[in-house]
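Numbering (our numbering), first residue to last: 1170 to 1756. Glycine included, each C-beta is placed from N, C-alpha and C at the ideal position. Predicted model only: the values in this text are computed from it and were never measured. Okay, structure first, notes after.
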């Protein structure tokens, strides 16, 4: 026990700079001086990143609870070329229901000033303009909420807290029948069913594809099972027709898989609890008792519903006969690794299509087209890694896609790929192993469906643009800083309280230092392969802490987990130490 709380480290916050300007402010441009007196949470995000989308959802309750003292600022920091386009950022802000100001920073000026290394990263700035905490990854909003409460009390006492309305100005909604739709399927009746993602509804269209027959869902965010009028969804994406004529729905932000019956008009839940899956949760069991994580698409194959579980980089299955779910492919590590399903790596799988002998997968973050065979082996048709993308036709081994979100099986055995960030529809033919372009000048195609002999495309509205960390080849010291939160201490009752897991894409980047290990600290010496000029270092750190109050008979203990994907470029002038901060600012 100590007599007083530890002194909080304070660093003057750099200015907010973004060439793209501000969104959700009614056209007003802001500086830090304009926001003085408010507590700021800067959310460094990019709209391709599912972890960033998780954080957007986590922040909603925090923003509501502290709406008169807290201002969340989204700092959009692009990875893909397309994400540097201002119109694309504006679309994403509306598509994902972002209800706070967003600074469009296409050149990563503010990202660099704040020394951000990973998506997402949250930075807390106090009312006097000082940085007081920085958290990378998701799952930190509870800790940030406690800090915000402390800052409110501290600065209210000092007279430096300014209360009142924030700078957010809601954009004017567009009067359209659909707004950023995700997928479409043809119903047995010949009508089309479309997931109207931003409006949290399903929309049934006549066979002409234009006339609205009915809207399923209230149009407000939720997960209510009921009639077509009273049910609610939360950013539904993927749709798949089941043999009985009903439709399975990937209800992405509710972390559920739902079923809609066009005949009765009722929606029910097949799988998911409504809570996001976290490491350590069950990976199989009764479907409605197991947590899911951002299911993005669904497909019927081999007597099961297959789920593109984008939030954990895996494929899961739902077995309707047994009423169970389980992991079917992927380790939950992010990357591109083929082989047996249990050993394969995916990166935000977002689109599925079934043929008799293959389940096709649009693996968006690796800009890849992949497939699973009936023997449970994962293969890659197009794509090479997390930071290889572009628009190139030709032999599949040399072709390039850019963040595809959908794949559609065609009658001749080929597949159409919704090449989302290239605004194109591409075709891969397994018979020739060639990639061609079917259509361009589309607007963020997210899926396509065959209607007779036509392909109906669903339009939702190179090198990485991020600043990779330059490190020297050879020995690299990795140091993860974890200061126990205020009022807690590291739990060493049963040995070391920290654990570190390190891997890389490609695996050849690490000559030594890969793997898991527990120890008294979160540090490791790595050996980087000078023959691999660049790659991504995957770091996962875990630490345990307990409440440090001798008057509490049963102190609460907490496990803190954080993951980083750090792009590296090897150069002789690079650093020989890589510091990562698990919570707060560290030492």
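**Message:** By the DSSP assignment, the alpha helix (DSSP H) with residue 1585 in it spans what residues?
**Reply:** First-last for residue 1585: 1584 to 1588, but that is the beta strand (DSSP E), not the alpha helix (DSSP H).
**Prompt:** Are residue 1740 and residue 1704 close, meaning C-beta to C-beta below 7 Å?
**Reply:** no
**Prompt:** In the region 1388 to 1473, which residue ranges form an unbroken alpha helix (DSSP H) of at least 4 residues, counting only runs that do not cross its ends?
**Reply:** none
**Message:** Whole angstroms are fine: how far does the CA of residue 1570 sit from the CA of residue 1356?
**Reply:** 30 Å
**Endpoints, the beta strand (DSSP E) within which residue 1646 is located** = 1643 to 1650
**Item:** Helix, strand or coil at residue 1634 according to DSSP, with G and I counted as helix
**Value:** Its pLDDT being 38, under 50, residue 1634 is placed unreliably by the model, and nothing is read from it.
**Message:** Can you tell me whether residue 1358 is helix, strand or coil according to DSSP?
**Reply:** coil
**Asked** Do residue 1480 and residue 1463 have their C-beta atoms closer together than 7 Å?
**Response** yes
**Request:** With a threshold of 16 other CB atoms inside 10 Å of the CB of residue 1198, please say whether the residue is buried or exposed.
**Result:** exposed
**Request:** Measure the alpha-carbon distance for residue 1428 versus residue 1437 and round it to whole angstroms.
**Result:** 5 Å
**Request:** Rank 1377, 1367 and 1589 by C-alpha distance to the C-alpha of residue 1532 and give the top, closest one.
**Result:** 1589
**Message:** With H, G and I counted as helix, E and B as strand and the rest as coil, what does DSSP make of residue 1312?
**Reply:** helix
**Within the region 1474 to 1500, ranges of the beta strand (DSSP E) (whole runs, at least 3 residues)** = 1483 to 1488 and 1493 to 1498
**Request:** Please classify residue 1629: does DSSP put it in a helix, a strand, or coil?
**Result:** coil
**Asked** Hey, is the region 1386 to 1397 in contact with the region 1449 to 1462, meaning 3+ C-beta pairs nearer than 8 Å?
**Response** no
**Request:** Measure the Cβ-Cβ separation of residue 1598 and residue 1583 and say whether it is below 7 Å.
**Result:** yes
**Prompt:** Between which two residues does the beta strand (DSSP E) containing residue 1579 stretch?
**Reply:** Where residue 1579 is concerned, there is no enclosing beta strand (DSSP E), given that its DSSP letter is neither H nor E.
**Request:** On a CA-only basis, which of 1420, 1522, 1457 and 1563 is nearest residue 1470? Give me that one, please.
**Result:** 1522
**Request:** Compute the Euclidean distance between the alpha carbons of residue 1539 and residue 1294, then round it to the nearest angstrom.
**Result:** 43 Å
**Prompt:** From this set, 1671, 1637 and 1706, which residue's C-alpha is nearest residue 1281's C-alpha?
**Reply:** 1637
**Backbone secondary structure at residue 1373 - three-state DSSP** = strand
**Message:** For residue 1563, which residues in the same chain have their Cβ closer than 8 Å to its Cβ, ignoring the five residues on either side in sequence?
**Reply:** 1603 and 1604
**Backbone CA spacing between residue 1664 and residue 1465 [nearest angstrom]** = Bear in mind that a pLDDT of 43 at residue 1664, under 50, signals an unreliable position, so the model cannot answer this.
**Message:** Measuring alpha carbon to alpha carbon, tell me which residue in 1223, 1455, 1495 and 1269 is nearest residue 1235.
**Reply:** 1269
**Distance between residue 1488 and residue 1699 (C-alpha atoms, nearest Å)** = 47 Å
**Item:** Among 1579, 1580 and 1551, the one whose alpha carbon lies nearest that of residue 1573
**Value:** 1551
**Prompt:** Going by beta carbon distance, what residues of the same chain come within less than 7 Å of residue 1411, once the five residues before and after it are set aside?
**Reply:** 1417 and 1469
**Asked** If we count the other Cβ atoms within 10 Å of its Cβ and call it buried at 16 or more, is residue 1311 buried or exposed?
**Response** exposed
**Asked** When the Cβ atoms of the region 1176 to 1193 are set against those of the region 1271 to 1280, are three or more pairs found closer than 8 Å?
**Response** yes
**Message:** Can you find the residues in the same chain that come closer than 6 Å, C-beta to C-beta, to residue 1515, ignoring five residues on each side of it along the sequence?
**Reply:** 1482, 1499 and 1532
**Request:** Can you tell me which of the three DSSP states residue 1612 falls into?
**Result:** coil
**Prompt:** So residue 1683 is in the alpha helix (DSSP H); what residue range does that whole segment cover?
**Reply:** Careful: residue 1683 lies outside any alpha helix (DSSP H) and carries neither H nor E.
**Request:** In angstroms with no decimal places, state the Cα-to-Cα distance between residue 1203 and residue 1284.
**Result:** 23 Å
**Request:** To the nearest angstrom, report how far apart residue 1339 and residue 1461 are at their CA atoms.
**Result:** 31 Å
**Item:** C-alpha gap between residue 1593 and residue 1352, whole angstroms
**Value:** 16 Å
**Request:** Check residue 1747 in the structure and name its three-state DSSP category.
**Result:** strand
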